[in-house]
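Visitor:
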Amino acid sequence: MNDQKVALAGAIYERLKERIMDQVYPPRERLNIDALAADLSVSPTPVREALARLSAERLVTFEAYKGYRVSPLLTSAEVAALMHVRRLIEIDAAALAAQRILIPDLIAVEKILQQILEQSASVEVGSWSHGYHQFNQLDQEFHETIIGAAGNPFLVTAYRSLNIHLELGRFYKVFRDMDQQQTCVEHNAIVQALRDRNPAAAAAAVEEHLHATEDRIFRLIDKYPESLTGYNGTKSGR
Numbered sequence: 379m380n381d382q383k384v385a386l387a388g389a390i391y392e393r394l395k396e397r398i399m400d401q402v403y404p405p406r407e408r409l410n411i412d413a414l415a416a417d418l419s420v421s422p423t424p425v426r427e428a429l430a431r432l433s434a435e436r437l438v439t440f441e442a443y444k445g446y447r448v449s450p451l452l453t454s455a456e457v458a459a460l461m462h463v464r465r466l467i468e469i470d471a472a473a474l475a476a477q478r479i480l481i482p483d484l485i486a487v488e489k490i491l492q493q494i495l496e497q498s499a500s501v502e503v504g505s506w507s508h509g510y511h512q513f514n515q516l517d518q519e520f521h522e523t524i525i526g527a528a529g530n531p532f533l534v535t536a537y538r539s540l541n542i543h544l545e546l547g548r549f550y551k552v553f554r555d556m557d558q559q560q561t562c563v564e565h566n567a568i569v570q571a572l573r574d575r576n577p578a579a580a581a582a583a584v585e586e587h588l589h590a591t592e593d594r595i596f597r598l599i600d601k602y603p604e605s606l607t608g609y610n611g612t613k614s615g616r
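Spelled out as C-alpha cells, the structure:
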C-alpha cells in the first residue's frame, strides 16, 4: 500500500471514529460499507480497513453475514469491571513512577496538566463543549505518560489494550455532562505526589481519582437513565 492510500485509510478511520464518538452513528447502529463509502466519497476499501481498525478497538463489532454495527455502550457492571482493572494497573504504576520518573517525563506530565487546566477553564459543570475531544486526548496522554514513567512497558501495553478513553468518552458524549474542574483537582494531586517523589501519596492520589471517576459515571447514569435506553442492550438505569 502506498503512502497516499495509507493516509486516506487513516483519514477515513479518524472520520468514522469521530462520528461514533459524537453519536452521529449511535450505539448498535448498523454500518453499511458501501453506504459509508458513498457518503465519504471514497471506494469501499479504505472504509473496510477503517472498520477493521475500529473493530480492534471495540468501537464496532462484526458479525458474519450481517456486517458491522456500532458497539453498545458498556453496562454498569462492565464499567465497574473496567475501572477495577484500571486500579490494578494504575495504582502500582503511579507508585513506581514516583520512584523512577525522569525529569523529562515529569516536565511532560506537568505540561499536559497545564494544557488540561487551560482547556477546561472555560467549561462549566453541566455545560458541554466540543473541546471535550481535546480534553479526552490530553487525559489519555496524562495517564499513559505516568504509566510509562513506571519503567515497565508491559504496563503501558496492558493499559492501551483497554481503550479506556474511547469506552468512557462515549458515556460523556451521551450525557453531555462532565465535571472537568474536579478532574483537574485530582490530576494536580497526582502530579504533586510525583514532584515529591512520594510513592504512597502517588498511589493514594490515583486511587482516589479512579474511584471519583467511577462515581461520576454512575451518578450520570442515575441522573440520565433515559439516555442509555437501547445504547447498551439493557433497559435504562442500573
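Take the sequence shown: its position 129, counting from 1, is numbered 507 in our numbering, and each next residue is one higher.
Here a beta-carbon is modelled for each residue, glycine too, at the ideal position from N, C-alpha and C.
A quick note: this is a predicted structure, and the numbers were derived from the prediction, not measured.
Report yes if the C-beta distance between ILE642 and VAL463 is below 8 Å; otherwise report no.
Guide: Summary: the structure shown does not reach residue 642, with the chain confined to residues 379 through 616, and so no result is reported for it.
Visitor: Taking the continuous alpha helix (DSSP H) assigned at GLU586, which residues delimit it?
Guide: 577-601
Visitor: From GLU522 to LEU414, what does the alpha carbon distance come to, in whole angstroms?
Guide: 33 Å
Visitor: If we ignore side chains and look at the alpha-carbon of each, how far apart do GLU496 and ASP517 end up?
Guide: The straight-line gap from Cα to Cα measures roughly 13 Å.
Visitor: Closest to TYR443 by CA distance: which of GLU435, ARG538, LEU474, ASN410 is it?
Guide: ASN410
Visitor: Put TYR446 into one of helix, strand or coil per three-state DSSP.
Guide: strand
Visitor: By the three-class DSSP mapping on this structure, what secondary structure does GLU407 have?
Guide: coil
Visitor: Assuming contact is defined by CB atoms lying nearer than 8 Å, are GLU456 and ILE490 in contact in what I supplied?
Guide: no
Visitor: Just to confirm, is the Cβ distance from ILE525 to ALA571 under 8 Å?
Guide: no
Visitor: Taking its Cβ as the centre, do 16 or more other Cβ atoms sit within 10 Å of THR591, making it buried, or is it exposed?
Guide: buried
Visitor: Along the chain, where does the alpha helix (DSSP H) containing GLU564 start, and where does it finish?
Guide: 558-573
Visitor: Name the two residues that bound the continuous alpha helix (DSSP H) containing VAL384.
Guide: Residues 381-399.
Visitor: Give the range of the alpha helix (DSSP H) segment to which GLU435 is assigned.
Guide: Per DSSP, GLU435 belongs to no alpha helix (DSSP H) and is neither H nor E.
Visitor: Should the segment 418-431 be called in touch with the segment 381-400, which here means at least 3 C-beta pairs below 8 Å?
Guide: yes
Visitor: What does the alpha-carbon distance come out to for the pair PHE513 and ALA389?
Guide: Going by the C-alpha atoms only, they are around 21 Å apart.
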